[in-house]
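Written out below as structure tokens is the structure these notes cover.
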Amino acid sequence: MKVQKITQPAAIAVMEDWGSVEGLPGTGSIALSGIQKVIPGKEDIDTGIFECGVGSYRRSVKQAEIMHFLNGNGSFTPDGEETLHFKPGDSLFFEANTEGTWVIENTMRKLYVIFDAS
Numbered sequence: 001m002k003v004q005k006i007t008q009p010a011a012i013a014v015m016e017d018w019g020s021v022e023g024l025p026g027t028g029s030i031a032l033s034g035i036q037k038v039i040p041g042k043e044d045i046d047t048g049i050f051e052c053g054v055g056s057y058r059r060s061v062k063q064a065e066i067m068h069f070l071n072g073n074g075s076f077t078p079d080g081e082e083t084l085h086f087k088p089g090d091s092l093f094f095e096a097n098t099e100g101t102w103v104i105e106n107t108m109r110k111l112y113v114i115f116d117a118s
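Under the UniProt record's numbering, residues 1 to 118 are what the sequence shown spells out, in order.
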């Protein structure tokens, strides 16, 4: 099938358990879940829906990433730069090797595309 559809991704009640990420020191782990979609012939592109719970953690993705927020509020502070706040409807574009800190104020869900920009 050439077109894959995720119906109403902001309203999906149950997604796949993707484990957890360790929060910043002094905080607990943060639950992760999602739905991954594979584009035939482009398996090196990671795309789908990602959700994480409340907390703060370091970004671990090394590739470039495009994201569009469906639910949740919070911020991302790139190392050495000003904090960017997000809410549903906002989009962010990350260069490869962007490091920084996420602060998730309430459960965040986003559509994402991670790819090798080189």
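C-beta atoms are modelled at their ideal positions from N, C-alpha and C, and glycine is treated no differently.
- Approximately 4 Å separates the beta-carbon atoms of Glu65 and Phe94; this is inside 8 Å, confirming the contact.
- Excluding its 5 nearest sequence neighbours in each direction, Thr27 has C-beta neighbours in its own chain below 7 Å: Gly55, Ser56, listed in chain order.
- About 6 Å separates the beta carbons of Leu111 and Ile49, which is inside the 8 Å limit, making them a contact pair.
- With respect to the 8 Å criterion, Ile104 and Gly34 are not classified as neighbours on the basis of their beta carbons.
- A Cβ-Cβ contact shorter than 8 Å links Thr83 with Ser75.
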